[in-house]
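Everything in the sequence shown is counted per the working numbering, starting at 112 for the first residue and increasing by one.
Following: one structure in structure tokens, then a few remarks.
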Amino acid sequence: MKHRGCYVATYLKLQKRLIYNKPPLSFYPIYYEDRDEVEVLLVGSKPSPITFEKTEDKDFKVGMNDENKIVSLLFHNASDRLEKKLPEEERKRLAEEARMMSLEVENIFTS
Numbered sequence: 112m113k114h115r116g117c118y119v120a121t122y123l124k125l126q127k128r129l130i131y132n133k134p135p136l137s138f139y140p141i142y143y144e145d146r147d148e149v150e151v152l153l154v155g156s157k158p159s160p161i162t163f164e165k166t167e168d169k170d171f172k173v174g175m176n177d178e179n180k181i182v183s184l185l186f187h188n189a190s191d192r193l194e195k196k197l198p199e200e201e202r203k204r205l206a207e208e209a210r211m212m213s214l215e216v217e218n219i220f221t222s
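What follows is the structure, given as structure tokens:
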């Protein structure tokens, strides 16, 4: 999953830079092992305060800043809901895909 995440993040950064000419969208996942939660920050640093709003899914909340903008996603019971162990073959395939995408992106910026 880590490699696919890199692929998505690289793609989003490239798209933002080329299409909108704005800073790229950022993903900063933080795993809180003691609470079994994953928080994904969508901004460069953790703003304070963040107010978490409930959603239809009891294990998912949306974090809003004081300007009422979405800045964070919070997943409860992360090990049950998000973790998916990939077979070694699948991990190698995804790693190769990420490597190839990285080379493609590098070629775009160096040509």
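Note that CB positions come from ideal geometry on N, CA and C, so glycine has one too.
- The beta carbons of P140 and V151 sit about 5 Å from each other, so the pair counts as a contact at 8 Å.
- For K157, the closest of E144, S190, G174, E207 by C-alpha to C-alpha distance is G174.
- Take the alpha-carbon of R192 and the one of A206: they are about 23 Å apart.
- Counting the other CB atoms within 10 Å of its CB gives K203 a total below 16, which places it among the exposed residues.
- Under the three-state reduction of DSSP output, I161 falls in the coil class, being neither helix nor strand.
- Just so you know, the alpha carbons of R146 and N179 end up roughly 26 Å apart.
- 7 Å or more divides the Cβ of A189 from the Cβ of E217.
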